[in-house]
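Residue numbers (our numbering): 28 to 170.
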């Protein structure tokens, strides 16, 4: 069941997750079903989405070469997983949230963070209690 939230244009799923657009909500609704229509032709495993099937093929049936990590000795089946993990060992934070300025090491973490702003009321919406406190202090100083 879909419910419109108090924020203009925000859609809420029965599980209380909120979405800004209907395509994201539609993808999310699949998580509430047991329909697994995407079948791996190599092992007959079944998946809810094509994306999950492709990830399965890459990690389970793909190139079995392990990508070694010299700093922490972790190994990875996929090169992109190794590359993404390497950023956790760096101090560089090259990605910034457009709404609150928070810094991130990885683009996927920044995007996940910014999605919270969008789903909770649009750009500039502050959901972090600490950030809200700082904004309130700034506004009381300028008044």
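The C-beta atom is built at its ideal place from N, Cα and C for all residues, glycine as well.
Given residue i as reference, the closest of the options once Cα atoms are compared
| i | options | result |
| --- | --- | --- |
| residue 99 | 107, 86 and 114 | 114 |
| residue 69 | 79, 56, 87 and 57 | 87 |
| residue 85 | 108, 63 and 64 | 108 |
| residue 126 | 82, 142 and 132 | 142 |
Beta-carbon spacing of residue i, residue j below 8 Å
| i | j | result |
| --- | --- | --- |
| residue 175 | residue 66 | Only positions 28 to 170 of the chain appear in this structure, which leaves residue 175 out of reach. |
| residue 103 | residue 116 | no |
| residue 46 | residue 59 | no |
Where the alpha helix (DSSP H) containing residue i begins and where it ends
| i | result |
| --- | --- |
| residue 110 | 106 to 113 |
| residue 83 | 77 to 83 |
| residue 53 | 49 to 56 |
Strand pairing of residue i, partner residues [DSSP]
| i | result |
| --- | --- |
| residue 66 | 73 |
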